[in-house]
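Residue numbering for the sequence shown follows the numbering used here, beginning at 3 and increasing consecutively. Following: one structure in structure tokens, then a few remarks.
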Amino acid sequence: PELEAAFATYGETVAEGMVYGGTTSALSTDFAKAANPMFTDPPGCSLLAQATFMGGIITDSFPDLAPGEQLDFFPAPDFEAELPGIRSISGEIIGMINQTPQSEALVKYLATREAGTLIASTGRWLSPNQNVDDEIYEDYFLRKASQVLVDAEGTYSLGNSLMPQTTVDAFWKAGLDYTQDPSAIGEILTTIEATR
Numbered sequence: 003p004e005l006e007a008a009f010a011t012y013g014e015t016v017a018e019g020m021v022y023g024g025t026t027s028a029l030s031t032d033f034a035k036a037a038n039p040m041f042t043d044p045p046g047c048s049l050l051a052q053a054t055f056m057g058g059i060i061t062d063s064f065p066d067l068a069p070g071e072q073l074d075f076f077p078a079p080d081f082e083a084e085l086p087g088i089r090s091i092s093g094e095i096i097g098m099i100n101q102t103p104q105s106e107a108l109v110k111y112l113a114t115r116e117a118g119t120l121i122a123s124t125g126r127w128l129s130p131n132q133n134v135d136d137e138i139y140e141d142y143f144l145r146k147a148s149q150v151l152v153d154a155e156g157t158y159s160l161g162n163s164l165m166p167q168t169t170v171d172a173f174w175k176a177g178l179d180y181t182q183d184p185s186a187i188g189e190i191l192t193t194i195e196a197t198r
């Protein structure tokens, strides 16, 4: 019941009339071009729900846009009123396969401010350490995303960050299948479950 309810909520956001070009467009638009209708005259849509890295993709396509002025983002609104300020994250997760003094030292080091500063200075990743100075981020979107996470009441990893790859593949396909035919929810959930 919970998964069906989650898919139904998702379905409300991609229902006909809710997305630019309808469900056909939602299913067939190239990922890197999904934001393009926001910048037509007149705009075809006003919002795109996407990850932090999308700002870079958009500015590659529209280099005259000024980040923070003509292009910006905001964190998703609270989904549960009793859990305000909780933000979803995805990314790399480190785990030890063999616990040795060296692997423990590496994991501890990667959580330090020093390592976090090196990670953030690449311009590609958010630091895992909240004490890294925001100014290390040359990219506007990473700098703002860092502040959103520092200000969050808590975070949780998106489910697909923690799933085996076969389940991730089934999960992504399920989103497309549900968008195309919400009545197939039973079969869709069975397919995901079969990958576990």
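We put the beta carbon where it would ideally sit given N, CA and C, even for glycine. A quick note: this is a predicted structure, and the numbers were derived from the prediction, not measured.
Item, Value
"Contact under 7 Å by Cβ, Y151 with S92", "The identity of residue 151 in the sequence shown is Leu, whereas the question assumes Tyr. In this structure, S92 does not lie closer than 7 Å to L151 by Cβ."
"Beta-carbon proximity list for V134, same chain, < 7 Å, skipping 5 on both sides", "R115, G118, T119 and A122"
"Inter-residue CB distance, P39 and Y12 (contact presumed, cutoff 8 Å)", "Contact doesn't hold; Cβ gap of about 20 Å is too wide."
"Within 7 Å, strictly: CB atoms of T61 and A147", "no"
"Cβ neighbour criterion (16 or more within 10 Å) applied to T124", "exposed"
"CB contact flag (I88, G156, <7 Å)", "yes"
"Cβ pair L178, L5 closer than 7 Å", "no"
"Check whether F64 and F41 have beta carbons under 7 Å apart", "yes"
"Span separating the alpha-carbon of A7 from that of I194", "15 Å"
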